[in-house]
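Numbering (our numbering), first residue to last: 567 to 723. All C-beta atoms, glycine included, are put in the ideal place defined by N, C-alpha and C. Shown next, in structure tokens, is the structure this report addresses.
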């Protein structure tokens, strides 16, 4: 069974736009690079041709990756669900008990995760530990540096 990718409507649109760009504009640009490099003659010693073919390989690899994501995605709609428990799309404020620091994160699908911007994947150890919990709960997260204790201060949709 194929992996299921959970995406917000915004992320889905961004991936669809990227795919359209790659199939229309970028594919033509790379084909033109290959055509131009071929005109330089002997392909066995033609670094421009090698570079253009590498670029084409990267392009087709990214297109295949996007095709896989888009054909196996589930769009997560913001919907009103009763209860204040943490789920995909929740914004969570936690207290790191070791350093006594407050941190705020949004729980997102794996394709949207960007920890440096506070977007944590639901598949990460931290995301898994938070799912289903409520404000006031305490969680232990297994991290490479050891176990880290957090207290959930606030859950927002």
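> Quick one: complete beta strand (DSSP E) runs, 3+ long, within the stretch 621 to 683?
Replying inline: Taking only runs of at least 3 residues, the beta strand (DSSP E) segments lying wholly in the stretch 621 to 683 are 639 to 641, 657 to 662, 667 to 674.
Q.
If we define contact as Cβ-Cβ less than 9 Å, is residue 593 a contact residue for chain D?
A. Note that chain D does not occur in the displayed structure, where there is just one protein chain.
Review point. According to DSSP, is residue 609 helix, strand or coil?
Key: In the three-state scheme derived from DSSP, where H, G and I count as helix and E and B as strand, residue 609 is classed as helix.
Q | Length of the line joining the Cα atoms of residue 568 and residue 606 | A | It is roughly 44 Å from the alpha-carbon of residue 568 to the alpha-carbon of residue 606.
| task | Could you tell me the distance, in whole angstroms, from the CA atom of residue 616 to the CA atom of residue 600? | result | Taking the straight line joining both Cα atoms gives about 9 Å.
Beta bridge counterpart(s) of residue 712 as assigned by DSSP
When DSSP reads this structure, residue 712 sits in a beta bridge with 709.
*By the 10 Å Cβ neighbour count, where 16 or more other Cβ atoms means buried, how is residue 663 classified, buried or exposed?*
Residue 663 should be labelled exposed.
Open item on the list: Just to confirm before moving on: does the CB-CB distance between residue 705 and residue 656 stay below 9 Å?
Closed with: Between residue 705 and residue 656, the C-beta spacing is not below 9 Å.
- Same chain, Cβ closer than 6 Å to residue 675, five either side skipped, listed in chain order: Taken in chain order, the residues that qualify are 572, 573.
Going by other Cβ atoms of all chains shown within 10 Å of its Cβ, with 16 needed for buried, is residue 692 buried or exposed?
-> Residue burial annotation: residue 692 is buried, with at least 16 other C-beta atoms found within 10 angstroms of its C-beta.
Taking the beta strand (DSSP E) that residue 572 belongs to, which residues open and close that run?
Residue 572 -> beta strand (DSSP E) spans 571 to 573.
Note to self: When you compare the CB positions of residue 719 and residue 652, do they come within less than 9 Å of one another, or not?
What the structure shows: One thing to note: residue 719 has its Cβ no nearer than 9 Å to the Cβ of residue 652.
Next on the checklist: residue 621 and residue 658 - do their beta-carbons sit closer together than 9 Å?
Outcome noted: Cβ distance not < 9 Å, so residue 658 and residue 621 don't count as in contact.
Under a three-way DSSP split, which group does residue 704 fall into? If DSSP states are grouped into helix, strand and coil, residue 704 belongs with the strands.
#### Entry: Buried or exposed by the 16-neighbour rule on C-beta atoms within 10 Å, applied to residue 640
So residue 640 ends up on the exposed side.
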